[in-house]
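The block underneath contains the structure these notes are about, expressed in structure tokens.
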Amino acid sequence: MSGRTVPRPSRPQLDARRVDEWLRELDLQPQDRVERDGVTSWDLLLDGLRRFDIAVTIILAPDTALLVWVHYAPALSDGFRKSYRQFLRWNDEYPFIKFALSAEDERPVLTTELAPETLDRDRLGLALARLLAVCDTLLDESAHWLWLGGRRPDQSDRVCRNPALQARYAAQLGELAQPSAGRLEG
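What follows is the structure, encoded as structure tokens:
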């Protein structure tokens, strides 16, 4: 061996136009798109198979990361300790995602971070599908944050607005892909 490194083929730099294209290919329609100081964000309203109207923000800082941010629930009012313990437990139980509290209004958020150098349409699609599946899986345990008195409204007549997303990545989501999935054991 000569000690020379073999150059890797370079990937084109990730930019907002590519993410726009991926969202179109995934049949997802952003409600808003904002670009400021080289950072682009997209706001989407997506549905899980059990939980509907999930606000999602995608944030692209091309040289740093692509973040997918689920606005998981309204601001908490329970003194945080119990909720915080719950988030820490879920962070241990569910790989590739993290629960946190937003700094400005102490709202629960569910996030994942993707490295731009490995990102493509399917990694973005899988990340979105995984976050929606976690929202579905934890729906019953989260009801007290989502609805007054923890009472779920009747949504039996609702139809998922983005079923192709979950169907496309169901095999990779395993147990999370089941619409009535409970908590993962293990």
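12 is the number of the first residue of the sequence shown in this note's numbering; add one for each residue after it.
Glycine included, every Cβ here is placed at the ideal spot set by N, Cα and C.
Return the residue from the list the options that minimises the CA-CA distance to residue i.
i: R96; options: T129, A144, F110, P106; result: F110
i: L25; options: L77, A182, Q40, R44; result: L77
i: V45; options: W53, L39, R118; result: W53
i: R118; options: S94, D147, E36; result: S94
i: A175; options: R162, G136, D43; result: G136
i: G185; options: V145, R163, H155; result: V145
i: P41; options: D48, A27, R47; result: A27
i: I65; options: D131, D48, A84; result: A84
i: Q177; options: L143, W158, W156, P164; result: L143
i: R134; options: V79, D103, R61, L60; result: V79
i: R164; options: E104, R132, R62, R92; result: Reading off the sequence, residue 164 comes out as Pro, not Arg. Minimum Cα distance to P164 is reached at R62.
Spatial neighbours of residue i within its chain, please: CB distance less than 6 Å, with the 5 preceding and 5 following residues excluded, ordered by chain position.
i: V30; result: L71
i: L67; result: As written in the sequence, residue 67 is Val, which differs from the Leu given in the question. These residues qualify, in order along the chain: L55, L57, V81.
i: M12; result: Note that M12 has pLDDT 49, beneath the 50 cutoff, so the model's placement of it is unreliable and the number below is only indicative. If we look at M12 and ignore the five residues flanking it on each side, it has no Cβ neighbours.
If you count every other CB in all the chains shown that lies within 10 Å of the CB of residue i, and 16 or more means buried, which is it?
i: D58; result: buried
i: A86; result: exposed
i: T75; result: exposed
i: P106; result: exposed
i: D147; result: buried
i: R141; result: buried
i: V50; result: exposed
i: L99; result: exposed
i: W158; result: exposed
i: A114; result: exposed
i: A182; result: exposed
Measuring only the C-alpha atoms, how far is residue i from residue j?
i: T123; j: D168; result: 31 Å
i: F152; j: P127; result: The question names Phe, but residue 152 in the sequence shown is Glu. Cα to Cα, the separation comes out at about 33 Å.
i: E32; j: I69; result: 14 Å
i: N173; j: A138; result: 14 Å
i: R179; j: L37; result: 9 Å
i: L34; j: A154; result: 29 Å
i: D43; j: T129; result: 25 Å
i: C171; j: L60; result: 6 Å
Which same chain residues end up closer than 8 Å to residue i when comparing Cβ atoms and leaving out the 5 residues on each side of it in sequence?
i: A156; result: Correcting the residue type first, residue 156 is Trp in the shown sequence and not Ala. Excluding positions up to five away in sequence, the list reads Y83, A84, P85, L87, S94, P119.
With a CB to CB cut of under 7 Å and the five nearest residues on each side skipped, what residues in its chain are close to residue i?
i: Q166; result: F63
Please specify which runs of the alpha helix (DSSP H), each continuous and at least 4 residues long, are wholly inside the region 112-159, giving them in chain order. 132-148, 150-157
Taking only runs of the alpha helix (DSSP H) that begin and end inside the region 59-105, which ones reach a length of at least 4 residues, in chain order?
92-104
Let me know the alpha helix (DSSP H) ranges lying completely inside the region 17-51, each 4 residues or longer, listed in chain order. 27-36
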